[in-house]
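Under this note's numbering, think of the first position of the sequence shown as 510, with each following residue one higher. Where a beta carbon is used, it is the ideal one built from N, C-alpha and C, also for glycine. As structure tokens, the structure follows; a few thoughts come after it.
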Amino acid sequence: MDFSLLRNIISRYCVGEEIWVDSRTVYIGHKEPPPGAEAYIPQRYPDNRIVSSKYTFWNFIPKNLFEQFRRIANFYFLVIFLVQLIIDTPTSPVTSGLPLFFVITVTAIKQGYEDWLRHKADCSINECPVDVVQQGKVARTQSHKLRVGDIVVVREDETFPCDLILLSSSRSDGTCYVTTTSLDGESSHKTYYAVPDTMAFRTEQEVDSLHATIECEQPQPDLYKFVGRINIYKDNEEPVARPLGAENLLLRGATLKNTQHIYAVAVYTGMETKMALNYQSKSQKRSAVEKSMNAFLIVYLCILISKAVINTVLKYAWQWSPDRDEPWYNHRTENERQRHVVIRAFTDFLAFMVLFNYIIPVSMYVTVEMQKFLGSYFIMWDEEMFDEELGEGAQVNTSDLNEELGQVEYVFTDKTGTLTENNMEFIECCVDGNVYIPHAICNGQILSAASSIDMIDSSPGGYRREHEDLFFRALCLCHTVQVKEEETVDGIKRGIHQGRPTSFYISSSPDEVALVEGMKRLGYTYLRLKDNHMEILNKDDEIERFELLHVLNFDSVRRRMSVIVRSSAGDYLLFCKGADSSIFPRVVSGKVEQVKARVEQNAVEGLRTLCVAYRRLSHSEYEEACHHLTEAKLALQDREQRLAQAYDVIEREFVLLGATAVEDRLQEKAADTIESLHKAGIKVWVLTGDKMETAAATCYASKLFRRSTQILELTKKRTEEQSLHDVLFELNRTVIRQRSISGLSVDCLDFGLIIDGATLSAVLKPSQEGAGPGNYKDIFLDICRNCSAVLCCRMAPLQKAQIVKLIKASKEHPITLAVGDGANDVSMILEAHVGIGIMGKEGRQAARNSDYAIPKFKHLKKMLLVHGHYYYIRIAELVQYFFYKNVCFIFPQFLYQFFCGFSQQPLYDTAYLTLYNISFTSLPILLYSLVEQHVTIETLKRDPSLYRDIAKNSLLRWPVFLYWTCLGVFDAVIFFFGAYFLFDNTTFTSNGQLMTTNTQMMFGNWTFGTLIFTVLVFTVTLKLALDTNHWTWINHFVIWGSLLFYVIFSLLWGGIIWPFLNYQRMYYVFMQMLSSGPAWLSIILLITISLLPDVIKKVLCRAVCPTATERAQEVESLDGVAELPPLSPGGGGGGGLSYKGTSADSSHLHLGAVEMLSLGRSDPLPHKLLAHLAEAGGGDLRSLSPCMLRLSGAGFAYYAPGPETSV
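Written out as structure tokens, the structure reads:
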């Protein structure tokens, strides 16, 4: 039987099933369309409730437990705990259950609290009051009750409760101003437009009378894209269709500004709003340290299994003899006798697994999580990374990658807004080769604002005057700038001139504001957009009006924007501005060569250039353009492609007018930051969409390229002259030849590579001219590997991500970091191991999608060289120390089985097994991992090369891991056999107790285990104390407090009869052990022997082959003063004394790093020092008054104002 008909009926009429379509229909005011217009199909949409929380009251426990036990470590300990419950194991289930319960509970409380905060935030948002038009009146309701189709009233300074289509506003032109700071960080006022047919509605009754439907795309997260149309029904007429775009869509979270009120209809609500769709979390990134931890964990798991197998095999080998199989004191039950030997062996194997399972440190994961979470606050609290201008400091969006900041090998940075300020200043413009510079100085005379410096053709004429006027008009009309008349914006006074408020410009693009302000300085002032007419004031103080007909918006693919206007004389003009590469191919006349020469010259100087062109349209051409644009704008499917095709047809046959030059200055200390990164061994790549000349000039200014750098070009221009194959192989030969000549290693500092987007696309193609797949990639990577810096220009956003992915996937698998400030940088920020967003002027999309956000590029230096360095050495010590202390803890238990017949007898008491990782040894390492500073912050900033010491995960390599493991095994052997030989000779006392003959101390299993455990706790804690370089009062409190806590706990645990214990095997054991003098001596001796090898190793390494970090520590130990040798008794050469200054940077004195000042015994030091400083031009000698000169028999030390100055 065919059920398709039944299925269709159910699908159509059952409200429980939704059919996903590409578009949705919204009935404004929930009114059905007129009869015969179209079928009325009510659709179900979610309410306006925002849910950012993860759990509910009912699913929190099962869902949270499921997520936590997805972690391998937690699941492993759960299995161990269940094994302890099921079979007879040597240790109590409490020993595994309590730490696991602690870990699960702490994590659940943390996640539950965070989710509770999200619930509170959701409730405050969902219960906000909202005004809705119902039956011609305004009714107040709560935000979560809004439905798609409701007509909403929003007033000034209120936030939009959902995504709305603007119907009308209190402004006569149907526009409203909006800030989207909470969405993308842009604080500028953006203009949004009402539908022309509804913009005249002023009252609730008029709005409520509207009969219309909206057809639009289904929800999608792109904030800057919207496709739809509105169908307006009038009495007995065909519906009027109008296009809807992003300029009509008001997004949830944006704020209404400088508009009294608006009427708008809800199209997306709740979790379907664009803001909610952008809540989706990014893919999880894992750090190199986490990968090392997992690898080490697998090794220790193999060790654990091998230990259990060895003990199981040896147990049955030892019990092979009949007299050992069933000793008289431990008869087996009948069930045990009947069980198969394989089952018994497997049960014993599980029992040994339980006995040795503490070698896997469950608490390490909790400690690492706490260290990352708490450590991330040091970045947010860093006052040096706080920007006064923005009023914000660094932000941490994820704390999982803190230590990855100390492992970066490649930095990929955007140029505009990242290296530069994105604060544009108009420098000059060029019209037909004539250069116009505002307020130019010529022959000592300051020319008027509109004067020109004629560089090529100075002959005046009507043709030139016409092009000059058209050029200035083009820049005054071809933009999306808003004019602000008010004196204040958001409480900030602006535009005040001589006590009178004047107009100023607002735009989302700083380039446009700079160009319009530049035209104002040259005599053409853009006044306003009023009634769809743009008004400009020309240099003759005459107001000109142009009707704005169409705006062809800028996009990153076309790299240009255009407007179509009609002059008061009725002429149709198309003005266009854009990148030279997008304008020149479409030009049919004009002085192209002269303008192109000026553009190239400005680009070499690092200026941002735009070309300006125009085209006169006949009435028929304009009608045809209108038809193309209207048809494309009304399309619901593939609207962007159709618009691009329409733009391509319209924007052609231009007459070139000229070009502009705008300067974007380098950010403060950008060059110093890049230089420091180079010294740290980090390779810096600049990825930009700018033209090659502009980007190269910025790279030279920022010291990415030096004047001595040999530039290798891999550009489209060169590949047109030679094949890509030949160019790549020639560059590769050049690099290899130079490297062999110079004798340098792989890291060659002499080359810089420039590549453009077109050539990169060719390089990334899988096969070229018979070359094997990926062959060009390998050659390209080989060239890049030997270059100290790489500039990639003319890059599309996707190509930026491809570059990062290419380097990530190379055979070295380097750690990459991407930094940018705009939406076009998001792809590479998400692709890199670590993504950093700059809180710039291009919005906050980069900052929102990044792992870390910083106010300025200069803060990257401290982020990597200081915070990254500290995070890495701290967590590396934490991981190695955890494995070390657990080897020390459990290996004596393994050795003990050889002396107890492999009976699975625990060496330590249950309380010690449970609290070792939770209480006795957890706090010191946690505090160490938060506050340790092996060298000072000033040293790390002054000497970036120290970053090389920790590169390539050097502290978590296998040799280091093996050293820590062997050290743990050595210490465990010392603990066990030291205590064993102490109890070597034993005798029975008269009351049946066992006593050692050499120490006269009561001997027993628990005394033996307690002695080992005491030595263990003191040794691992003192080992951490020896590794600590930065001591504070809290270090002392935690380290010595932990040892004191262990002693007090042991005294109480064994000194009191606890009523809740069935048996108390530790009663009086600890006190009896401490009552023996030889036991004290043994504890001290064993601790000393255990710590000695590590101390000797460190001393020898420092003496024989010290690292850069250890040398820096030696310098710091001298307190910044170069110690001087004692004076020799003789004169001449032997009696001379050399004074060598460190690299000081005092505000008054500058002593070179290799500058020597020699003194004999009879030389008056102050006079000679002053004379030396005067000769060297060391500064104003009057500034020496606050300086101190300390004289002693051993030498002299000179102190001057400044961070560190010594002689």
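Taking only three categories from DSSP, how would you classify residue i?
i            : result
residue 1052 : strand
residue 1059 : strand
residue 1607 : helix
residue 711  : coil
residue 1539 : coil
residue 492  : Absent from the structure is residue 492, since the part of the chain shown begins at 510 and ends at 1716.
residue 1170 : strand
residue 1164 : strand
residue 1363 : strand
residue 815  : helix
residue 1208 : helix
residue 1645 : Confidence at residue 1645 is low in this model, with a pLDDT of 37, below 50, so its placement is unreliable and the value that follows should be read with caution. Coil at residue 1645, not helix or strand.
residue 964  : Caution is warranted here: a pLDDT of 38 is assigned to residue 964, below 50, making its placement in the model unreliable, and the coordinate value is therefore given only provisionally. Residue 964: coil per DSSP, three-state reduction.
residue 1030 : helix
residue 1320 : coil
residue 725  : strand
residue 988  : coil
residue 532  : strand
residue 930  : strand
residue 580  : coil
residue 1044 : strand
residue 500  : In the structure as shown, the chain starts at 510 and stops at 1716, and residue 500 therefore has no counterpart that could be examined.
The beta strand (DSSP E) spanning residue i covers which residue range?
i            : result
residue 638  : 638 to 643
residue 1072 : 1069 to 1076
residue 684  : 684 to 689
residue 943  : 943 to 945
residue 1262 : 1260 to 1265
residue 795  : It is not in any beta strand (DSSP E) - residue 795 carries neither H nor E in the DSSP assignment.
residue 650  : 646 to 651
residue 1133 : No beta strand (DSSP E) contains residue 1133, which is instead part of the alpha helix (DSSP H) from 1128 to 1143.
residue 553  : Run containing residue 553: none; DSSP gives neither H nor E here.
residue 1717 : Look at the range of the chain in this structure, 510 to 1716, and you will see that residue 1717 is not part of it.
residue 676  : 672 to 678
residue 1013 : 1013 to 1015
Which whole-angstrom value describes the C-beta separation of residue i and residue j, a residue pair presumed to lie in contact below a C-beta threshold of 8 Å?
i            : j            : result
residue 1201 : residue 1302 : 5 Å
residue 1392 : residue 608  : At roughly 16 Å, the Cβ-Cβ gap does not stay under 8 Å, so residue 1392 and residue 608 are not in contact.
residue 1396 : residue 1481 : 6 Å
residue 857  : residue 881  : No, residue 857 and residue 881 are not in contact; Cβ-Cβ is about 40 Å, not under 8 Å.
residue 1330 : residue 1344 : Going by Cβ atoms, the distance from residue 1330 to residue 1344 rounds to 12 Å, so no, they are not a contact pair.
residue 1190 : residue 797  : Wrong, their Cβ atoms sit about 16 Å apart, outside the cutoff.
residue 646  : residue 713  : 6 Å
residue 1416 : residue 1521 : 7 Å
residue 1160 : residue 1061 : 7 Å
residue 1362 : residue 1193 : About 20 Å; that fails the 8 Å criterion.
Just reading off the alpha helix (DSSP H) that residue i is part of, what are its end residues?
i            : result
residue 599  : Careful: residue 599 lies outside any alpha helix (DSSP H) and carries neither H nor E.
residue 1401 : 1378 to 1405
residue 1469 : 1467 to 1491
residue 1288 : 1284 to 1294
residue 1624 : 1617 to 1626
residue 1325 : Not the alpha helix (DSSP H): residue 1325 falls in the beta strand (DSSP E), residues 1325 to 1329.
residue 1103 : 1101 to 1113
Mind checking who residue i pairs with in its DSSP beta bridge?
i            : result
residue 770  : 664
residue 1194 : 921, 1299
residue 753  : 737
residue 1122 : 1085, 1165
residue 1338 : Residue 1338 pairs with nothing; no bridge assigned.
residue 939  : 944, 1168
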